[in-house]
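For any residue, its number in my numbering is found by taking its place in the sequence shown, counting from 1, and adding 990. For each residue, glycine too, the CB sits at the ideal point set by N, CA and C. Just so it is clear, the structure is predicted and the values come from calculations on it, not from any experiment. Just below is one structure, and these are the notes that go with it.
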Amino acid sequence: MQNTPKGLRLQIAILGKVNAGKSSFLNLMAGQEVSIVSEVKGTTTDVVEKAQELHPLGPVLWLDTAGFGDETKLSEKRLEKTIKVLDKADVAVLVCDEEEGKTEKEIAELVQSKNIPMIKIFNKKEKCDVKVFENKITLNALDVSKRSEAVLAFQKLLLKVCPEDFLTQPVMLSDLAPEGGLVLMIVPIDYEAPKGRLIMPQVQAIRDCLDRNQMVMVVKEDEYLKALKSLKQKPDLVVCDSQVVKFMVDNTPKDIKCTTFSILMARLKGDLRVFAKGAESIWSLKDKDKVLIAESCTHHAADDDIGTIKIPNLMKKKTGKDLIFEHVSGCDFKNNLKDYKLIVQCGGCTQNRRAILSRIAAAQSADVPMTNYGVCLSELNGVLERVMEPFNAVKQK
């Protein structure tokens, strides 16, 4: 459970005005002192994350935020971070002290405007029994003797409002091959591969196949042809790293389905149809157009980094245009999206689906086409139609 990636956890944002008891509620749910609790207003100054297992939903990630109504000098910056959390929150918890006032109503309107399901917690100052209503719970967050009742009450409402995505286990690729079938994976070991490990999408893909009793064969690109010849029967699906997509397509028989890890992530985390449509706009780019490369994680870029080096160089070469590339990483995203003619999002393996969908919504609102690394590289190499074939007979996630 502790090793479950953040992007695969149900992310729960805890909101409320200062000193409403947000941190006390988190500590009660977690059964330990995760956040500092104090009478001093504005004690929680940044987003505090806590991973936990909540049955029967499984792994969740709590996001304890700075309170609304903070009057300190840094209140504006703290509030910006609190509001930004809603871009990735799957569920919001509004903690009210005793009753719902003007601030709480404003927070509720903000959450509703983003179509995020919400649970209200009325935190009583005196000790009281835990009571569950239609969409709210009354409790005393400091009364640890009632923790079991409080957790059960919260789980009950969480199941009621939880997004459908988390009630049915999402699959990455196992629906593209039959149970008991063979999936062959081409995994380059280059500068970007972590020493002694595989990157997250590759690990997730292997686990997804194993969960459906599918066989997995993993090879480097220079062993791919040898692997194909050694098999007595053809693989049901071939998956490769996007950086060797042209090699895979050129060397894979047409009657074998093939795709890339990044395209699988595009379907799992975002909207594959939107990304495929966005890739078409590459050929409409003009000199001096701005392209935003959005990386979800922060890492030290290697000399041949896919986001900062490979995609920009290949896009310039294939389009013949003098393009301007800008980059963001981590949870940051640009507010001035209208300045760009195209957004290229990474696979999003460290983010949850809501965060990627939130970026897609922001791009659509600014009328800017958006694609992702794998879809972009496949389009630039002229093989996108080929690597999209496995999804034709499968319902879009």
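By how many angstroms is the C-alpha of K1328 removed from the C-alpha of A1356?
Residue numbering aside, residue 1356 sits at position 366 when the sequence shown is read from its first letter. Residue numbering aside, residue 1328 sits at position 338 when the sequence shown is read from its first letter. Rounded to the nearest angstrom, the two C-alpha atoms are 5 Å apart.
Rounded to a whole number of angstroms, what is the C-alpha to C-alpha distance between T1093 and G1260?
Position 103 of the sequence shown holds residue 1093. Position 270 of the sequence shown holds residue 1260. Those two C-alpha atoms are separated by around 33 Å.
Return helix, strand or coil for A1041, following the three-state DSSP convention.
Along the sequence shown, one-based indexing puts residue 1041 at 51. Note: A1041 maps to strand in three-state DSSP.
If you reduce the DSSP assignment to three classes, tell me which class L1047 lands in.
Position 57 of the sequence shown holds residue 1047. DSSP places L1047 in coil when its eight states are reduced to three.
Using a 10 Å radius around the Cβ and a threshold of 16 neighbouring Cβ atoms, would you call G1372 buried or exposed?
In the sequence shown, the residue the question calls residue 1372 occupies position 382. Classification for G1372: exposed.
Assuming contact is defined by CB atoms lying nearer than 8 Å, are G1268 and M1360 in contact in what I supplied?
The count along the sequence shown starts at 1 and reaches residue 1268 at position 278. The count along the sequence shown starts at 1 and reaches residue 1360 at position 370. In this structure, M1360 lies closer than 8 Å to G1268 by Cβ.
Classify L1084 as helix, strand or coil using the three-state DSSP reduction.
The count along the sequence shown starts at 1 and reaches residue 1084 at position 94. DSSP places L1084 in strand when its eight states are reduced to three.
Are there three or more Cβ pairs, one per stretch, closer than 8 Å when the region 1075-1083 is compared with the region 1146-1153?
yes
In terms of alpha-carbon separation, which member of V1208, F1381, K1121, E1139 lies closest to R1263?
On the sequence shown, residue 1263 is found 273 positions in, with the first residue counted as 1. Ranking V1208, F1381, K1121, E1139 by Cα distance to R1263 puts F1381 first.
Distance, Cα to Cα, M1190 vs C1287?
The sequence position of residue 1190 within the sequence shown is 200, counting from 1. The sequence position of residue 1287 within the sequence shown is 297, counting from 1. One C-alpha to the other measures close to 12 Å.
Can you check DSSP and say which residues form a bridge with E1285?
Here residue 1285 corresponds to residue number 295 of the sequence shown, with the count starting at 1. In DSSP, E1285 forms a bridge with S1319.
Do you know offhand how far L1172's Cα is from D1226's?
As a working mapping, residue 1172 is identified with position 182 in the sequence shown. As a working mapping, residue 1226 is identified with position 236 in the sequence shown. Straight-line Cα distance between these residues: approximately 5 Å.
Determine contact between the region 1214-1228 and the region 1242-1253, defined as no fewer than three beta-carbon pairs at a distance below 8 Å.
yes
Does the beta-carbon distance from N1362 to V1334 come in below 8 Å?
Residue mapping note: residue 1362 aligns to position 372 of the sequence shown, counting from 1. Residue mapping note: residue 1334 aligns to position 344 of the sequence shown, counting from 1. Yes, the pair counts as a contact, with Cβ atoms nearer than the cut-off.
Output needed for T1249: all residues of its chain with C-beta closer than 7 Å, excluding positions within five of it in sequence on either side, in chain order.
Residue mapping note: residue 1249 aligns to position 259 of the sequence shown, counting from 1. Excluding sequence neighbours, T1249 sits near V1229, V1377, P1380.
Cutting at 6 Å between CB atoms, please list the residues of its own chain near R1344, excluding the five before and the five after it.
Taking the first residue of the sequence shown as position 1, residue 1344 is located at position 354. So the qualifying residues of the chain are K1078, D1080.
Please identify the residue among G1310, E1270, L1258, K1276 whose C-alpha is closest to the C-alpha of C1336.
On the sequence shown, residue 1336 is found 346 positions in, with the first residue counted as 1. Checking every option, the nearest Cα to that of C1336 belongs to L1258.
Please name the residue in L1313, I1073, F1058, I1106 whose C-alpha comes closest to that of E1154.
Within the sequence shown, numbered from 1, the residue matching residue 1154 stands at position 164. It is I1106 whose Cα lies nearest to the Cα of E1154.
With respect to the beta strand (DSSP E) encompassing A1003, which residues constitute its N-terminal and C-terminal limits?
Here residue 1003 refers to the residue found at position 13 when the sequence shown is read from its first residue. First-last of the beta strand (DSSP E) with A1003: 1000-1005.
Please classify T1135 as buried or exposed, where buried requires at least 16 neighbouring CB atoms within 10 angstroms.
The sequence position of residue 1135 within the sequence shown is 145, counting from 1. Note that residue 1135 is Ser in the sequence shown, not Thr. Result: exposed.
So, at 8 Å on beta carbons, what are the nonlocal neighbours of H1045 in its own chain, with the 5 sequence-adjacent residues on each side left out?
If you number the sequence shown from 1, residue 1045 lands on position 55. The residues are Q1145.
Just to confirm the assignment, what range does the beta strand (DSSP E) spanning M1360 have?
The residue given as residue 1360 occupies position 370 in the sequence shown. Counting along the chain, the beta strand (DSSP E) containing M1360 begins and ends at 1360-1362.
Decide if P1168 is buried, meaning its Cβ has at least 16 other Cβ atoms within 10 Å, or exposed.
In the sequence shown, the residue the question calls residue 1168 occupies position 178. It counts as exposed.
Of the choices K1012, E1116, N1125, whose alpha-carbon is the least far from that of D1133?
Translated into positions along the sequence shown, residue 1133 becomes position 143. It is E1116.
Could you pull the DSSP bridge partners for Q1102 from this structure?
Position 112 of the sequence shown, counted from the start, is the residue given in the question as residue 1102. Per DSSP, none; premise fails for Q1102.
When we look at the beta-carbon of Q1022 and count the other beta-carbons within 10 Å, is it buried (16 or more) or exposed?
Counting from one through the sequence shown, the residue named residue 1022 turns up at place 32. That one is exposed.
Rounded to whole angstroms, how far is the Cβ of V1075 from the Cβ of T1055, which I believe are closer than 8 Å?
Here the question's residue 1075 lines up with position 85 in the sequence shown. Here the question's residue 1055 lines up with position 65 in the sequence shown. V1075 to T1055, Cβ: 6 Å. Contact.
Have a look at G1059 and E1089 and give me their C-alpha separation to the nearest angstrom.
Counting from 1 along the sequence shown, the entry for residue 1059 is found at position 69. Counting from 1 along the sequence shown, the entry for residue 1089 is found at position 99. One C-alpha to the other measures close to 16 Å.
From I1346 to L1282, what does the alpha carbon distance come to, in whole angstroms?
As a first step, residue 1346 must be located in the sequence shown, where it is residue number 356. As a first step, residue 1282 must be located in the sequence shown, where it is residue number 292. About 15 Å.
Taking the beta carbon of E1285 as the centre, do at least 16 other beta carbons fall within 10 Å, making it buried, or is it exposed?
Within the sequence shown, residue 1285 is the residue found at index 295, counting from 1. Buried is the call here.
Where in the region 1090-1146 do unbroken runs of the alpha helix (DSSP H), each at least 4 residues long, occur, reported from the N-terminal end onward?
Complete alpha helix (DSSP H) runs here, min 4: 1092-1103.
So is G1011 buried or exposed if we call it buried at 16+ other beta carbons inside 10 Å?
The residue labelled residue 1011 in the question sits at position 21 within the sequence shown. Burial call: buried.
Can you find the residues in the same chain that come closer than 6 Å, C-beta to C-beta, to F1265, ignoring five residues on each side of it along the sequence?
As a working note, residue 1265 is residue 275 in the sequence shown. Excluding positions up to five away in sequence, the list reads A1256, T1361, N1362, V1365.
Answer yes or no: do Q1192 and F1251 have a C-beta to C-beta separation smaller than 8 Å?
Looking up residue 1192 in the sequence shown gives position 202. Looking up residue 1251 in the sequence shown gives position 261. Contact: yes.
Taking only the alpha-carbon atoms, compute the straight-line gap between V1177 and E1139 and give it to the nearest angstrom.
Start at 1 with the first residue of the sequence shown, and residue 1177 comes out as number 187. Start at 1 with the first residue of the sequence shown, and residue 1139 comes out as number 149. A straight line joining the alpha-carbon of V1177 with that of E1139 spans about 48 Å.
In this structure, does DSSP put K1216 in helix, strand or coil?
Taking the sequence shown and counting its residues from 1, one reaches residue 1216 at position 226. Correct three-state label for K1216: helix.
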